[in-house]
Amino acid sequence: MTSCPARQMVSPNPAPFSGAPPEEDIVQIDAPVNDNDDVNENTMSIQKEDILTSNSLATKLPKSSSRPPKPRNISNPLQTGIRNYLKNHRHQNQHQLNIHTSPNPVSLSIPLPRRFTIYPPLLLLPSNAFSSPPEWAVAYNTLSTVQRQELYACIAASFASMGITHITMNAPIATTMATKTSTSIENRIRSPSGLVPLYGDFGYGSNDGDDEDEYENVGGECEDVEEKEAYPTEAALQSALWVRAVQNRGIVQIWAPLHSMFSRGNVVEKARILGIESRFAGLDNDGDDGGKQREVEGLLGQRVEDIAVVDMYAGIGYFVFSYLKRGAGRVWGWEINGWSIEGLCRGCKVNGWGVKVVKVDRKTGGVEGGIDGLVRGLKEEDRVVVFHGDNKFAAGVLRAFKEALQRRKMWKRIRHINLGLLPTSKPAWDGAVKVLDTEAGGWIHVHENVDVKGIRMMEEYIVKEINSLLRSFRGSGLLPSSFHSSIPAAKCIHVERVKTYAPGVMHCVFDVYIPPSPGWLESGNRLT
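Under our numbering, the final residue of the sequence shown carries the number 1596; numbering is consecutive throughout.
Written out as C-alpha cells, the structure is:
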C-alpha cells in the first residue's frame, strides 16, 4: 500500500466552493499568456521560463517532425497524490466513493482535477481544485478536517521530487481590504488576501491570531490591514515563505505568496521591453558602431545606459527587472507594499543588480535620511532606487533628487515612465507627466483594463488627458498663444494587447510619446 507522510502544519480548511471559478490574476494557470485562466488550458508554452505547470507534462514534439505524436499515458502528480490518498483510505471511504475493486489506484472511476502551477517550493492549485470535476467535489466535501489534511500531505508527497514543501489554493485579488471596523478600504497594495494556505508553514500572517507586534506601528496604532501589510518587520519577513519564478532571459523574480501578487501573464509585456521578437520605442538600437554601444532612435543620441526609468508601481520588480536587463542606467521605483519591496530587493540580489531602499513619510512625503545624505551615499552600481511610499509624492521627491544629482553631474534623464497598475493607473498620470524629462521628452507606458470594443476610444481619452496635464504643468506663466509653440503634443504611438483580463476585457499598454520641448530642440540640443 502506498503511504503518505505525516501531515505538516496547515491552515484551517477552505470552505467548499461552488459554481465556476472567478477570474484570477495572481498567476496565469495553464492558460495562454494572452488569455484568461479558464480557457485553452492545454496550449500553454513554457519554453522560455522554468515555471512548471500540469501542461508541461504533456508529450513534447520530436525535433524531426512538426506533427504531434500520439498521446502517451503520462502520470499527473496531482492526480497521483489524490489517488494515493483514496487508495490508502479505501476501506473507510468505499461507501462514499464509487471506486472499482481493482488494486490499481488508476482505476478509480471518478474524474480528478489536473491543473496546477509550481513556483518552488510552492504548489499552487487553481481556485476550483476541490470543486471540479463535480464527482470529485462530492467526494472532497465528505472528508473531515483531519482527512483533508492527510489528503494535502499525500499531494505534497507526490510532488516531493520537484522540491514541493508547501501548497496553496489560488484566489482573485480582492478589490477591498477589511479594517478593524465594519468598513473596508481599497486594496491599494494588491494584497492576495484570498490565497488559501493548505500545507506547510507560511510564517507570520498565515494565521488569524498572528501577533501584530510583528508589523511596524506606523503613525500610531495600526488601524487597518493595509498598514499591517505595508510595514512588516524584519522578523516577519524572515519567517515567511518566499517563492521564485524565472522568466524572460533568465530573470529571477521572488515574492511571498501570502503578501504579494504575481501575474505570469505579464510575460508578454516583459518580453516586449526586452526587445524579444518585438520593438519597444525608446530602447531599440539601430545600426552598429564597431561593437560599441549603439545609439538609440528616439533618444536623441543618448545611450540606453545613460537614461533612467520611473516605475510608479514597482512591485516585486515585474517590469523594473526587464528595464534593467535591457540596459537602462537606473530605475526609480515606487511601492507601498513592504513585502513587495523585500521581494524586489531579493530579486535584485539574485540577478546581480544593486538596490537602495528609501523610506518616504506617509503623511509629509519627506525621505528618511534627507536628500543630500542619500545622494552622497548613492553609487553608480545602485541600479534601482525604490521609494517605500505613496507615488503621489513622486514629483516632489524626484525633483529634489534631480537638483542634488545634477550638482554632482550624476543625474540621468528620465525618459520612460511605467504605469503598471490595473484596472487603471490614472491616479499616477499627473505624476508621470511631471517626472518625465521636460526638455528631451520620452514615453509614458499606460496600463489599463479596457473593453475590447473601446480600445480606440480609450487611446484617444488617454492622449487627451495627458495633453491636458502637460498644458497645466508646463503652461504656467505662458500666454495661451504660446502653448502650441512651447508645449509638445503627446501622441499614442502603439497599443499592446497584453492579455485577456476577463471576458471582453483586455489588459492593454498604451505607449504615449511626448516629444522634446520645441524651444529646447530648436536650439540644436542633442543628448550625446
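By construction, the Cβ of each residue, glycine as well, lies at the ideal position given by its N, Cα and C atoms. A quick note: this is a predicted structure, and the numbers were derived from the prediction, not measured.
Subject >> Rounded Cβ spacing between Val1443 and Arg1476 (contact assumed at less than 8 Å) >> reply: 7 Å
Original post:
Going by beta carbon distance, what residues of the same chain come within less than 8 Å of Pro1171, once the five residues before and after it are set aside?
Top reply: Model confidence at Pro1171 stands at a pLDDT of 44, short of 50, so the residue's coordinates are unreliable; what they give is reported in the following sentence. Closer than 8 Å at the Cβ level, and outside the excluded window around Pro1171, lies no residue.
Subject >> Coil, strand or helix - Arg1483 by DSSP >> reply: strand
Original post:
Are Glu1403 and Gly1422 close, meaning C-beta to C-beta below 8 Å?
Top reply: no
Original post:
Does the count of Cβ pairs from the region 1479–1493 and the region 1372–1381 closer than 8 Å reach three?
Top reply: yes
Original post:
Can the beta-carbon of Phe1198 be found less than 8 Å from the beta-carbon of Leu1191?
Top reply: no
**OP:** Enumerate in chain order the residues of its own chain whose CB-to-CB distance from Val1563 is below 8 Å, with the five nearest sequence positions on each side excluded.
**Re:** Ile1523, Glu1527, Cys1576, Val1577, Phe1578, Asp1579
Original post:
Quick one, which of Asn1419, Leu1309, Val1566 has its alpha-carbon nearest Val1638's?
Top reply: Residue 1638 cannot be examined here, being either before or after the span of the chain that is shown, 1069 to 1596.
Original post:
Who are the near neighbours of Pro1583 in its chain, counting only those whose CB is closer than 7 Å to its CB and skipping five residues on each side?
Top reply: Gly1509, Pro1556
**OP:** Within the same chain, show all residues whose beta-carbon is closer than 7 Å to that of Glu1203, passing over the 5 residues directly before and after it, in chain order.
**Re:** Ile1178, Pro1179
Subject >> For Val1428, the residue or residues it bridges with in DSSP >> reply: Val1435
Subject >> Reduced DSSP category for Trp1310 - H, G, I as helix; E, B as strand; rest coil >> reply: coil
**OP:** Flag this pair as yes or no: are the beta carbons of Phe1469 and Ile1439 separated by less than 8 Å?
**Re:** yes
Original post:
Going by C-alpha distance, which of Ala1339, Ile1512, Glu1533 is nearest Tyr1581?
Top reply: Ile1512
Original post:
Where does Tyr1220 sit, in a helix, a strand or coil, going by DSSP?
Top reply: helix
**OP:** Tell me whether Gln1370 sits in a helix, a strand or coil according to DSSP, three-state version.
**Re:** coil
**OP:** Might you give, ordered along the chain, the residues of its own chain that have their beta carbon closer than 7 Å to the beta carbon of Asp1374, omitting 5 neighbours on each side?
**Re:** Gly1397, Lys1480
Original post:
Roughly how many angstroms separate the alpha carbons of Leu1211 and Ile1319, rounded to a whole number?
Top reply: 41 Å
Original post:
Exposed or buried, what is Val1107 when buried is set at 16 or more other beta-carbons lying within 10 Å of its beta-carbon?
Top reply: Below a pLDDT of 50, predicted positions are generally treated as unreliable, and Val1107, at 25, falls in that range; the measurement from the model is reported next regardless. Looking at its Cβ environment, which holds fewer than 16 other Cβ atoms inside 10 Å, Val1107 is exposed.
**OP:** Answer yes or no: do Gly1411 and Ile1322 have a C-beta to C-beta separation smaller than 8 Å?
**Re:** yes
Original post:
With 8 Å set as the bound, which would you pick, yes or no: does the beta-carbon of Val1388 sit closer than that to a beta-carbon of chain D?
Top reply: The structure shown contains no chain D; it holds only a single protein chain.
**OP:** Could you tell me which residues DSSP puts in a beta bridge with Asp1379?
**Re:** Gly1401, Asn1486
**OP:** Just tell me which of Glu1302, Ser1200, His1327, Gly1385 has its CA closest to the CA of Lys1338.
**Re:** Gly1385
Subject >> Neighbour-count burial assignment, Pro1194, 16 or more Cβ in a 10 Å radius >> reply: buried
Original post:
Gly1587 to Leu1504, Cα distance in whole Å?
Top reply: 17 Å
**OP:** Keeping to the same chain, check which residues put their C-beta closer than 8 Å to that of Gly1499; ignore five residues upstream and five downstream.
**Re:** Met1380, Asn1459, Lys1460, Ala1462, Ala1463
**OP:** Could you tell me the distance, in whole angstroms, from the CA atom of Asn1517 to the CA atom of Met1574?
**Re:** 6 Å
**OP:** Could you name the residues of the same chain whose beta carbon sits closer than 8 Å to that of Ile1232, not counting the 5 residues immediately before and after it, in chain order?
**Re:** Ile1186, Pro1188, Pro1189, Leu1190, Leu1191, Ala1224
Subject >> Distance CB(Asp1519)-CB(Gly1572) smaller than 8 Å >> reply: yes
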